[in-house]
Amino acid sequence: MNRASLIFAALLAVLVPLSLLAGRVWIAPADFGPGNTLLILAELRLPRAVLAITIGAGLGAAGAAMQGYLRNPLADPGLFGIAPMAALGAVASFWLGTAIPPAWAAWSLPLMALAGAGLGMTLLALIAGRTSSDAAGGAGGGIALFTLAGLMLASLAGALTALAITLAPNPFALSEIVMWLNGALTDRSWREVWIAAPLTAAGVAVLALAARSLDALTLGEEAARSMGVEPRRLLALLVMGIGLTVGAGVAVAGIIGFVGLVVPHLVRPFTDRLPSSLILPSALAGACLVLAADSVLRVLPLVTELRLGIALSLIGAPFFGWLLLRMRQGRL
Amino acid sequence: MLAADNLVLARGARAVVSGLSAVLQPGTITAIVGPNGAGKSSLLLGLAGLLAPASGNVSLDGDSLARLHPRVRAQGIGYLPQAPDIAWDVAVEALVALGRLPWRDRGTAAIAAALSALDLEPLRHRPVSQLSGGERARVLLARVLAGEPRWILADEPLAALDLAHQLSLTAHLKACAQAGQGVVVVLHDLGLAMNHADRVLVMKDGRLIADGLPHIALAPQVIAQGWGVRARWLGEPESQALIAAEEPEQAERNRG
Numbered sequence: 614m615n616r617a618s619l620i621f622a623a624l625l626a627v628l629v630p631l632s633l634l635a636g637r638v639w640i641a642p643a644d645f646g647p648g649n650t651l652l653i654l655a656e657l658r659l660p661r662a663v664l665a666i667t668i669g670a671g672l673g674a675a676g677a678a679m680q681g682y683l684r685n686p687l688a689d690p691g692l693f694g695i696a697p698m699a700a701l702g703a704v705a706s707f708w709l710g711t712a713i714p715p716a717w718a719a720w721s722l723p724l725m726a727l728a729g730a731g732l733g734m735t736l737l738a739l740i741a742g743r744t745s746s747d748a749a750g751g752a753g754g755g756i757a758l759f760t761l762a763g764l765m766l767a768s769l770a771g772a773l774t775a776l777a778i779t780l781a782p783n784p785f786a787l788s789e790i791v792m793w794l795n796g797a798l799t800d801r802s803w804r805e806v807w808i809a810a811p812l813t814a815a816g817v818a819v820l821a822l823a824a825r826s827l828d829a830l831t832l833g834e835e836a837a838r839s840m841g842v843e844p845r846r847l848l849a850l851l852v853m854g855i856g857l858t859v860g861a862g863v864a865v866a867g868i869i870g871f872v873g874l875v876v877p878h879l880v881r882p883f884t885d886r887l888p889s890s891l892i893l894p895s896a897l898a899g900a901c902l903v904l905a906a907d908s909v910l911r912v913l914p915l916v917t918e919l920r921l922g923i924a925l926s927l928i929g930a931p932f933f934g935w936l937l938l939r940m941r942q943g944r945l
Numbered sequence: 506m507l508a509a510d511n512l513v514l515a516r517g518a519r520a521v522v523s524g525l526s527a528v529l530q531p532g533t534i535t536a537i538v539g540p541n542g543a544g545k546s547s548l549l550l551g552l553a554g555l556l557a558p559a560s561g562n563v564s565l566d567g568d569s570l571a572r573l574h575p576r577v578r579a580q581g582i583g584y585l586p587q588a589p590d591i592a593w594d595v596a597v598e599a600l601v602a603l604g605r606l607p608w609r610d611r612g613t614a615a616i617a618a619a620l621s622a623l624d625l626e627p628l629r630h631r632p633v634s635q636l637s638g639g640e641r642a643r644v645l646l647a648r649v650l651a652g653e654p655r656w657i658l659a660d661e662p663l664a665a666l667d668l669a670h671q672l673s674l675t676a677h678l679k680a681c682a683q684a685g686q687g688v689v690v691v692l693h694d695l696g697l698a699m700n701h702a703d704r705v706l707v708m709k710d711g712r713l714i715a716d717g718l719p720h721i722a723l724a725p726q727v728i729a730q731g732w733g734v735r736a737r738w739l740g741e742p743e744s745q746a747l748i749a750a751e752e753p754e755q756a757e758r759n760r761g
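For the protein sequence lines, the chains are A and B, in the order given. Note that the numbering used here has the first sequence beginning at 614, numbered continuously upward. Note that the numbering used here has the second sequence beginning at 506, numbered continuously upward.
The following block contains the structure:
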């Protein structure tokens with residue numbers, strides 16, 4: 614565990630109790646007792662906090678790995694097709710609506726989103742795996758083609774999602790789809806936690822396996838291969854890790870952008886800047902960011918709660934602009 | 506021993522090295538030279554096991570590279586690409602430590618030895634963005650040395666360096682060869698090859714047109730054949746300079 618992990622673990626330890634107390638109904642630490650307070654904590658705020666931590670951790674780790682793989686500090690795991698494909702799966706479940714047997718209704722959305730993420734991962738691995746440069750050909754397009762394959766997948770999934778929206782079977786489904794696409798953590802329960810947490814943990818573990826290979830990419834693809842990195846194995850680990858973390862996040866909370874882009878930048882100054890030093894602290898920092906953002910949204914005095922996905926994009930887009938400016942000045 | 510046996514390398518459908526054989530000896534500096542597009546860098550990639558042969562074979566001490574596990578190959582052969590951009594602004598020591606990746610260990614002693622061999626100890630904590638071109642070239646070579654490879658394959662390691670830094674990096678490479686490592690460098694500057702290599706391979710159109718001691722492999726008639734220029738060597742051994750002029754007929758063709 615490095616310095617950055619300790620810092621963000623400590624921050625998370627402070628944020629968790631604060632987030633449990635914050636909300637429409639403030640809970641003072643003295644109020645702990647039987648009745649509503651305990652119910653609010655155990656069944657509403659605690660699962661919501663755990664879910665925020667899970668999703669933030671997955672997005673943070675995925676962002677750190679993605680930036681390392683693409684050797685680019687402006688990369689975001691959301692760009693590479695998996696999140697849009699997961700969203701497409703979820704939208705399809707809205708579309709099917711009543712066609713799904715009632716016993717399955719509660720699970721259909723996350724499961725179809727996961728299926729979408731899985732399909733996205735498979736397509737990405739197939740396309741990019743074919744084109745990634747390796748010892749057999751050496752003339753492949755490698756990382757550039759991976760990026761383009763991801764963008765292709767993202768725009769295809771986006772177009773199909775838009776099609777599903779315009780052809781929505783009824784206005785109710787339409788508004789549900791649109792609401793859901795802007796991710797949020799409202800009204801989530803332990804069920805979502807049980808879906809997302811194990812998958813995210815597995816995904817972060819897979820990304821951690823790829824960490825040292827990502828370090829080798831610091832000097833470019835050829836140097837990395839000369840140090841024993843196998844491009845296909847790295848690609849497989851990366852697609853699986855990103856697919857599990859991002860797919861699990863979208864399945865339970867909808868699309869939450871920019872966390873993966875922003876978080877590694879917050880972490881980098883505390884590390885030696887190699888991707889392997891970023892993955893675990895980025896998971897912790899991502900957890901802090903999503904938990905803090907979700908808690909702040911709960912207490913903002915608005916008529917309806919601002920959607921988490923929208924709020925993070927409102928913060929994230931200007932941050933992206935600021936990164937671009939810094940990059941222009943050669944300070945990134 | 507690093508040996509290419511009837512090696513054919515292709516980039517896409519185009520053959521860039523066509524049937525080349527050479528047995529390279531450790532403890533020496535071998536320079537690969539040739540005009541642009543002769544296949545020098547491709548040959549180096551092939552020797553490093555990073556470009557799989559279309560046919561033929563490259564072997565390290567008798568083992569075919571194609572059959573070695575990538576990590577075992579990486580432990581034996583260090584490869585220094587031409588002026589790579591460094592994606593992250595890491596400190597010198599962290600960058601050099603990447604050289605231990607094939608071994609999956611901390612390799613503290615090897616890293617310290619590599620830093621010291623290239624006089625980088627005072628810079629160990631400096632971010633790579635704040636290095637001069639010469640310092641950067643030393644750091645990149647130190648990364649290779651930290652892996653303690655038996656072979657060091659470097660693609661134009663001296664290209665972007667000024668005269669003094671060229672000589673200092675050459676001295677470091679010579680020290681590696683004296684310590685028993687095999688050093689293979691692609692060079693553009695024939696003077697450097699003439700003065701510092703133990704053996705020179707001259708390539709043209711994917712084939713060897715000369716192979717041997719520098720003064721033989723870089724004789725004026727070879728230079729005329731390879732580059733189409735009239736040239737002669739001036740000066741003392743180990744500090745010779747090439748004086749070149751276009752061959753009259755070649756000049757005619759170039760202007761044609």
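Where a beta carbon is used, it is the ideal one built from N, C-alpha and C, also for glycine. Everything numeric in this text was worked out from a predicted model, so none of it was measured.
DSSP-derived helix/strand/coil call for residue i
| i | result |
| --- | --- |
| asparagine 685 of chain A | coil |
| methionine 725 of chain A | helix |
| proline 632 of chain B | strand |
| methionine 679 of chain A | helix |
| aspartate 885 of chain A | coil |
| aspartate 568 of chain B | strand |
| alanine 509 of chain B | strand |
| threonine 535 of chain B | strand |
| arginine 519 of chain B | strand |
| glutamate 741 of chain B | coil |
| serine 526 of chain B | strand |
| alanine 642 of chain B | helix |
| isoleucine 620 of chain A | helix |
| serine 632 of chain A | helix |
| alanine 823 of chain A | coil |
| serine 706 of chain A | helix |
| methionine 713 of chain A | The residue you asked about is not methionine; residue 713 of chain A is isoleucine in the sequence shown. It is coil, neither helix nor strand. |
| asparagine 615 of chain A | coil |
| arginine 648 of chain B | helix |
Assigned exposure category for residue i - 16 Cβ within 10 Å defines buried
| i | result |
| --- | --- |
| proline 931 of chain A | exposed |
| aspartate 800 of chain A | exposed |
| histidine 701 of chain B | buried |
| histidine 677 of chain B | buried |
| phenylalanine 707 of chain A | buried |
| isoleucine 668 of chain A | buried |
| threonine 774 of chain A | buried |
| isoleucine 582 of chain B | buried |
| aspartate 828 of chain A | buried |
| leucine 512 of chain B | buried |
| serine 637 of chain B | exposed |
| aspartate 610 of chain B | exposed |
| alanine 749 of chain A | Confidence in alanine 749 of chain A is poor, its pLDDT being 39 and thus under 50, which makes the residue's placement unreliable; the coordinate value appears in the next sentence. Exposed: under 16 other Cβ atoms inside 10 Å. |
| histidine 878 of chain A | buried |
| glycine 711 of chain B | buried |
Residue i - containing alpha helix (DSSP H), residue span
| i | result |
| --- | --- |
| leucine 692 of chain A | Unbroken run through leucine 692 of chain A: none, as it is neither H nor E. |
| tryptophan 935 of chain A | 921-941 |
| arginine 576 of chain B | 575-581 |
| valine 690 of chain B | Run containing valine 690 of chain B: none in the alpha helix (DSSP H); it sits in the beta strand (DSSP E), 687-691. |
| leucine 654 of chain A | First-last for leucine 654 of chain A: undefined, no H or E at that position. |
| alanine 729 of chain B | 725-732 |
| alanine 543 of chain B | Here alanine 543 of chain B belongs to no alpha helix (DSSP H), and DSSP marks it neither H nor E. |
For residue i, the first and last residue of its enclosing beta strand (DSSP E)
| i | result |
| --- | --- |
| tryptophan 656 of chain B | 656-660 |
| leucine 713 of chain B | 712-717 |
| alanine 702 of chain B | Run containing alanine 702 of chain B: none; DSSP gives neither H nor E here. |
| isoleucine 616 of chain B | Isoleucine 616 of chain B -> not in any beta strand (DSSP E); alpha helix (DSSP H) instead, spanning 613-622. |
The ligand FAD heavy atom lying under 7 Å from the CB of residue i
| i | result |
| --- | --- |
| asparagine 649 of chain A | You won't find the ligand FAD in this model; it holds no ligand whatsoever. |
Contact under 8 Å by Cβ, residue i with residue j
| i | j | result |
| --- | --- | --- |
| leucine 664 of chain A | glutamate 789 of chain A | no |
| glycine 639 of chain B | leucine 666 of chain B | yes |
| aspartate 694 of chain B | threonine 533 of chain B | no |
| alanine 688 of chain A | methionine 679 of chain A | yes |
| leucine 946 of chain A | glycine 673 of chain A | The first residue shown for chain A is 614 and the last is 945, placing residue 946 of chain A beyond what the model contains. |
| leucine 891 of chain A | leucine 850 of chain A | no |
| glycine 567 of chain B | valine 522 of chain B | no |
| alanine 866 of chain A | alanine 797 of chain A | yes |
| isoleucine 537 of chain B | methionine 699 of chain B | no |
- request: Scan the stretch 831-893 of chain A and note each continuous beta strand (DSSP E) run of 3 residues or more that stays entirely inside, going in chain order.
  value: none
- request: Could you tell me which uninterrupted alpha helix (DSSP H) segments, each at least 4 residues in length, are contained entirely in the stretch 732-807 of chain A, listed from first to last along the chain?
  value: 755-779 and 784-794
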